[in-house]
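Enquirer: Quick one: the structure is below, questions incoming.
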Amino acid sequence: MDHARNKKLICLFLIIVLQACSKRPEEHLISKLEDRYANLYFNDAAEKRKALDSLKNFFKKNALSDARINEVHTLLNGFNDGHVVLFDERPDRNVSYESRLKFIPGSLAVESCLDCTPVLEKGKYEILEINQDSLLKHFEKERNSVAASSVWGRQYRISRLLINKSNDRDEILKVKGQNGKIITTTIPYHKNEPKPPVCVSGERLQDGVFKLNIYSLWCDDPTIAGHSRDQVFLNFKNQFDSVIAQVQENDHIVIDLRENGGGGDNEVEYVLNTFYEKPVFMYHYKYLRKTHPGKRKWLEKMWPFELSLWSEDEYQYTDPAKRTGKAFFNNKLTTMISAGCFSSCEGIASSLKFGGRSKLIGETTHGGAGDPVIFPIKDTPYSINIPTCVVWQKDGSLFEGHGVIPDITLSQNMKLADDNVLRQAIDQVQ
Numbered sequence: 009m010d011h012a013r014n015k016k017l018i019c020l021f022l023i024i025v026l027q028a029c030s031k032r033p034e035e036h037l038i039s040k041l042e043d044r045y046a047n048l049y050f051n052d053a054a055e056k057r058k059a060l061d062s063l064k065n066f067f068k069k070n071a072l073s074d075a076r077i078n079e080v081h082t083l084l085n086g087f088n089d090g091h092v093v094l095f096d097e098r099p100d101r102n103v104s105y106e107s108r109l110k111f112i113p114g115s116l117a118v119e120s121c122l123d124c125t126p127v128l129e130k131g132k133y134e135i136l137e138i139n140q141d142s143l144l145k146h147f148e149k150e151r152n153s154v155a156a157s158s159v160w161g162r163q164y165r166i167s168r169l170l171i172n173k174s175n176d177r178d179e180i181l182k183v184k185g186q187n188g189k190i191i192t193t194t195i196p197y198h199k200n201e202p203k204p205p206v207c208v209s210g211e212r213l214q215d216g217v218f219k220l221n222i223y224s225l226w227c228d229d230p231t232i233a234g235h236s237r238d239q240v241f242l243n244f245k246n247q248f249d250s251v252i253a254q255v256q257e258n259d260h261i262v263i264d265l266r267e268n269g270g271g272g273d274n275e276v277e278y279v280l281n282t283f284y285e286k287p288v289f290m291y292h293y294k295y296l297r298k299t300h301p302g303k304r305k306w307l308e309k310m311w312p313f314e315l316s317l318w319s320e321d322e323y324q325y326t327d328p329a330k331r332t333g334k335a336f337f338n339n340k341l342t343t344m345i346s347a348g349c350f351s352s353c354e355g356i357a358s359s360l361k362f363g364g365r366s367k368l369i370g371e372t373t374h375g376g377a378g379d380p381v382i383f384p385i386k387d388t389p390y391s392i393n394i395p396t397c398v399v400w401q402k403d404g405s406l407f408e409g410h411g412v413i414p415d416i417t418l419s420q421n422m423k424l425a426d427d428n429v430l431r432q433a434i435d436q437v438q
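Start counting the sequence shown at 9; every next residue gets the next number (the numbering used here).
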């Protein structure tokens, strides 16, 4: 009797193991989201739960395939999280195209387009229409074309699709110049050729004022195969050190983060160590535990021990012992931010603000955080990027969907010839 029962139990166990091993790729993707996506289990997750249900229903009838990939991207964008992105690892599926259109940093206004027809000479141009749709109508049409954590972050990212996109179809742009003249021009696209990145640059604006431009905190060089994480950091460090060496002892430093899409925490710490002598607060966070949240919730009810979905709260500060470059602890700082400042860029902005080191000028940052991890989806060329923790700023506000609010809110003024946000930043440090 016992022998027969044991055989049944063994068979049941094998069936469960085989079912787990034979999960469809679609089920594998869903389980990764359910197991690791922290925002599904924090505060009011009704919107994200709804997006997950929509994805589940889609996969009941459809496979994760090239033919349906655009629909999958749209459903993932329904999570309203700038980090929840599906990647395709095949080189031939990662071809991108770029235009020579230039935006005024941190704005939705165009600065120039030298290969447009007709050419947009350097100046300020308000966008009126894109492909015969008003700017707001274009945003509404394209709202599911990008992953974003806030309305303002989504609009910023949609506008930047006029610079980089996945096809070479020309776009028609109608703009109004400062003189009131309306111009309709065609934006041509060219295949994006890999080139070494410019992650940091600098310029002396006037005597005693130096502008530090930090464009990216992930300095991966696409022209070199197999870059290690250490090399990515070293690329950033070398560029940063080279630029910061130009700063003089009594310079007022204006930091421009308006077009910084984020990167790594090591880079964040390196920047902050340049301006803080002592440890400074970076993040308050807690991780969703790796155990399947559904099983853990069941265990909480059935098991006589307390089992939390969450790890302990953790607090990360900079470590001054890691400082290896030139430092400026007493120089006055002002930092420019916008919706273009995303993810780890927001960590710099928040630490400078709440550490009392710099005033922030511009517009609220994108609003995205959560230590994203890339998980391969088995039996497919795809990987899913999932934020695995919840992150707070020093004042207790979330990064996700909230962003870093500037001390001085200021938008680009289309009537002024110069960069009025930059002008205000310079005025602040004098």
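Each residue gets a CB set at the ideal place from its N, CA and C atoms; glycine is no exception.
Just so it is clear, the structure is predicted and the values come from calculations on it, not from any experiment.
Distance, Cα to Cα, residue 389 vs residue 216?
Expert: Within the sequence shown, residue 389 is the residue found at index 381, counting from 1. Within the sequence shown, residue 216 is the residue found at index 208, counting from 1. Between residue 389 and residue 216, the C-alpha separation is close to 52 Å.
Enquirer: Taking the straight line between their C-alpha atoms, what separation do you get for residue 64 and residue 98?
Expert: As a working note, residue 64 is residue 56 in the sequence shown. As a working note, residue 98 is residue 90 in the sequence shown. About 25 Å.
Enquirer: Suppose contacts are defined by Cβ-Cβ distances below 8 Å. Is residue 336 in contact with residue 276 by that definition?
Expert: Translated into the one-based positions of the sequence shown, residue 336 becomes position 328. Translated into the one-based positions of the sequence shown, residue 276 becomes position 268. Their beta carbons are not under 8 Å apart, which means residue 336 does not touch residue 276 by this criterion.
Enquirer: Answer yes if the region 127-142 comes into contact with the region 176-186, meaning at least three C-beta pairs across the two stretches below 8 Å, and no otherwise.
Expert: Verdict: yes, contact present.
Enquirer: Which complete beta strand (DSSP E) runs does the region 64-98 hold, if anything under 3 residues is left out?
Expert: Segments of the beta strand (DSSP E) lying fully in the region 64-98: 93-96.
Enquirer: Taking Cβ to Cβ, would you say residue 406 is nearer than 8 Å to residue 356?
Expert: The sequence position of residue 406 within the sequence shown is 398, counting from 1. The sequence position of residue 356 within the sequence shown is 348, counting from 1. Not in contact: residue 406 and residue 356 (Cβ atoms no closer than 8 Å).
Enquirer: Roughly how many whole angstroms lie between the Cα atoms of residue 39 and residue 80?
Expert: In the sequence shown, the residue the question calls residue 39 occupies position 31. In the sequence shown, the residue the question calls residue 80 occupies position 72. When rounded, the distance between both Cα atoms is 15 Å.
Enquirer: Go ahead and label residue 51 buried or exposed: buried means 16 or more other beta carbons lie within 10 angstroms of its beta carbon, across all protein chains shown.
Expert: Residue mapping note: residue 51 aligns to position 43 of the sequence shown, counting from 1. Classification for residue 51: exposed.
Enquirer: Specify the secondary structure class of residue 312 as computed by DSSP and reduced to three states.
Expert: Counted from its first residue, the sequence shown places residue 312 at position 304. A caution first: residue 312 carries a pLDDT of 49, below 50, which makes its placement in the model unreliable, though a value can still be read off. Looking at residue 312 - three-state DSSP - the assignment turns out to be coil, as it is neither helix nor strand.
Enquirer: As a quick exercise: from 429, 398, 86 and 121, pick the residue whose alpha carbon is nearest that of residue 61.
Expert: As a first step, residue 61 is located in the sequence shown; it is residue number 53 there, counting from the start. Comparing Cα-Cα distances from residue 61 to each of 429, 398, 86 and 121, the minimum goes to 86.
Enquirer: Measure the C-alpha to C-alpha separation of residue 396 and residue 151 and round it to an integer number of angstroms.
Expert: Within the sequence shown, numbered from 1, the residue matching residue 396 stands at position 388. Within the sequence shown, numbered from 1, the residue matching residue 151 stands at position 143. The straight-line gap from Cα to Cα measures roughly 25 Å.
Enquirer: How long is the line joining the alpha carbons of residue 109 and residue 320, rounded to whole angstroms?
Expert: Here the question's residue 109 lines up with position 101 in the sequence shown. Here the question's residue 320 lines up with position 312 in the sequence shown. So the two alpha carbons sit approximately 46 Å from each other.
Enquirer: Go ahead and label residue 198 buried or exposed: buried means 16 or more other beta carbons lie within 10 angstroms of its beta carbon, across all protein chains shown.
Expert: For this step, residue 198 is matched to residue 190 along the sequence shown. The residue in question, residue 198, is exposed, as its Cβ has fewer than 16 Cβ neighbours within 10 Å.
Enquirer: Just the Cα atoms here: how many angstroms apart are residue 367 and residue 263?
Expert: What you label residue 367 is simply residue 359 of the sequence shown in a count that begins at 1. What you label residue 263 is simply residue 255 of the sequence shown in a count that begins at 1. C-alpha separation (whole angstroms): 10 Å.
Enquirer: Taking the alpha carbon of residue 95 as the reference point, which residue from 250, 363, 410 and 74 has its own alpha carbon closest?
Expert: Position 87 of the sequence shown, counting from 1, holds the residue named residue 95. When each option's Cα is compared against that of residue 95, the closest is 74.
Enquirer: Could you tell me which residues DSSP puts in a beta bridge with residue 260?
Expert: For the purposes of this step, residue 260 is identified with residue 252 of the sequence shown, where counting begins at 1. In DSSP, residue 260 forms a bridge with 217.
Enquirer: Straight-line CA distance for residue 399 to residue 272?
Expert: Here residue 399 refers to the residue found at position 391 of the sequence shown. Here residue 272 refers to the residue found at position 264 of the sequence shown. Distance between the alpha carbons of residue 399 and residue 272: 15 Å.
Enquirer: Thinking just about the alpha-carbon of each residue, which of 289, 210 and 328 is nearest to the one in residue 251?
Expert: Within the sequence shown, residue 251 is the residue found at index 243, counting from 1. Comparing Cα positions, the closest option is 210.
Enquirer: Suppose contacts are defined by Cβ-Cβ distances below 8 Å. Is residue 225 in contact with residue 343 by that definition?
Expert: Within the sequence shown, the letter at position 217 stands for residue 225. Within the sequence shown, the letter at position 335 stands for residue 343. No, the pair does not count as a contact, with Cβ atoms beyond the cut-off.
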